[in-house]
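Here is the structure we will look at, set down as structure tokens.
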Amino acid sequence: MNIDNYNFNGKKAIVRVDFNVPLDENGNITDDTRIRGALPTLEKILKDGGSLIIMSHMGKPKGKVNPKFSLGQIKDAVAKALGRDVKFAPDCANASEVAANLKPGEVLLLENLRFYPEEEGKPVGIEKTDAGYEDAKKEMKARQKEFAKTLASYADVYVNDAFGTAHRKHASTAVIADSFDADNKMLGYLMEKEVQAVDNILSDIKRPFTAIMGGSKVSTKIGIIENLMDKVDNLILCGGMTYTFAKAKGGHVGESICENDKLDLALDIIRKAKEKGVNLVLGTDCVAADAFSNDANTQVVSCMEIPDGWEGLDAGPNTRKAFQDVIKTAKTILWNGPAGVFEFDNFTAGSRAIAEAIVEATDNGAFSLVGGGDSVACVNKFGLADQVSYVSTGGGALLEAIEGKVLPGVAAIKG
Ligand code: AMP
């Protein structure tokens, strides 16, 4: 079923959204992109005359109730975004009564799904290597099915609009879909847009195709980096992983973040890029700091010669220029992960240079996709989010989709 063709009048819709928004220490939302992203779907349901049951996870409470991750903290923000009252169910698995009493136009927000281990469906308190793990897994899968059925029982129709978790086969993202026939389950607008954006990147690629991968570690991005090497013309690797590459090449990286067990992997990436004719662009200079702090002393040094007691926290001026030169000529651009510790205002220059070059390329006709929580936070921080072609709300899901993997959240609905 397609959301545009569905009339929610008189129906109760349970919608999986990704309201895993970043909060500061006082529980205030620091970036509401994900809430805004789900609004078209939520508003369509309410406008049609349906009632709304919103479910999401927040953080990693690991199957236990933890007030730090309570969705109660964002209830007022959701109400404000929707312009109407929102009821709150403090136990997502015991909300039958309040769900049954919902009237058209009313909204119910369920407490964090991940307060129940059944949501993720991973056995608790037992390691993969322990005896009995397989039995525990089976038992948890059965419990997950029951949990999904409970959630499904609240509603007539299921909508998945949580792209951020579409790569997970969780109770609320995939298993729940089994309880609805094909006419009563669908992707929300955000999911549809995300799937389309990935399709734009993967089919009919306009060249040069430049991917910019940043963030803290190479180990978490290796799958996508290897996959992209078959597709891109230029691959910019930046952020913390710069120093693993520098060290692998025989450099001295001081106190910089560095994965010493990934040096061979870094050399392997360099070798593969050469073999495949991919222009691999790595940082050459960096802004080094004498502490991991916004107020640290800084100096620009070569990534290969960072003094002891100093760590590279941002791309240096030569690196920024090199990145920009490559990005500006691109016709397809994918950006995931910052080029420095952009959370500190004094270390945003690298990420800003990337964002500005992407905007310029986009102005010149490139299709640019920015995805992953931190890159999105970057373009928002720089006020440039509306000047790139598409800002994805998905981090891991986006990368897996671009790797060509089938997302369980999409498959559960589309088959
Ligand atoms: P990831 O979650 O792997 O995408 O990494 C995002 C994080 O990488 C952000 O919080 C950045 O602050 C961090 N990061 C980027 N560059 C560096 C760096 N040079 N040193 C330490 N952390 C970094």
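Each residue of the sequence shown is one higher than the last, beginning at 0 in numbering that gives the first Met the number 0. Cβ coordinates follow ideal geometry from the N, Cα and C atoms, glycine included. Every value quoted in this text rests on a predicted model; they were computed, and no experiment measured them.
Inter-residue distance for Lys404 and Asp385 is about 28 Å (C-alpha atoms, whole angstroms). Counting the other CB atoms within 10 Å of its CB gives Thr128 a total below 16, which places it among the exposed residues. Here the alpha carbon of Val85 sits roughly 18 Å from the alpha carbon of Gly26.
Annotation for Lys275: the continuous alpha helix (DSSP H) segment containing it runs 262–275. The beta-bridge partner set that DSSP reports for Ser178 is empty. By the C-beta density criterion, Glu110 is buried, having at least 16 other C-beta atoms within 10 angstroms. It is roughly 33 Å from the alpha-carbon of Glu145 to the alpha-carbon of Ile28.
For Ile256, the shortest separation between its Cβ and any heavy atom of the ligand AMP lies below 7 Å. With 16 or more neighbouring CB atoms inside 10 Å of its own CB, Val14 falls in the buried class. For Asn199, there is no enclosing beta strand (DSSP E); the residue is found in the alpha helix (DSSP H) stretching over 188–201.
Judged by DSSP secondary structure, Ile52 falls within the beta strand (DSSP E) whose first and last residues are 50–54. With 16 or more other CB atoms across the displayed protein chains lying within 10 angstroms of its CB, Glu258 is buried. Residue ranges of uninterrupted beta strand (DSSP E) with 3 or more members, entirely inside the stretch 110–166 and ordered along the chain, are 156–159. Note: Ser301 is bridge-paired with Asp284 in the DSSP secondary-structure output. Not a single heavy atom of the ligand AMP lies less than 7 Å from the C-beta of Glu399. Per DSSP, Glu258 is not a residue of any alpha helix (DSSP H), being assigned neither H nor E.
Taking 8 Å as the upper bound for CB-CB distance, Tyr188 and Asp160 are in contact here, some 7 Å apart.
If you look at Lys43, you'll find it isn't in any beta strand (DSSP E); it sits in the alpha helix (DSSP H) that goes 32–47. Under DSSP, the beta-bridge partners assigned to Asp313 are Val286. Assigned with DSSP and collapsed to three states, Ile13 falls in strand. For Asn226, no beta strand (DSSP E) segment is defined; the enclosing uninterrupted segment is the alpha helix (DSSP H) at 221–227. Between Val369 and Val387, the beta carbon gap of about 5 Å places them in contact (Cβ cut-off 8 Å). Here Ala265 has Val217, Thr243, Phe244, Ala247 as same chain residues with Cβ atoms under 7 Å from its own Cβ, once five neighbours each way along the sequence are excluded. Listed as beta-bridge partners of Leu234 by DSSP are Ala210, Leu279.
In the structure shown, Tyr389 falls within a strand segment according to DSSP collapsed to helix, strand and coil. According to DSSP, Lys86 shares a beta bridge with Leu107.
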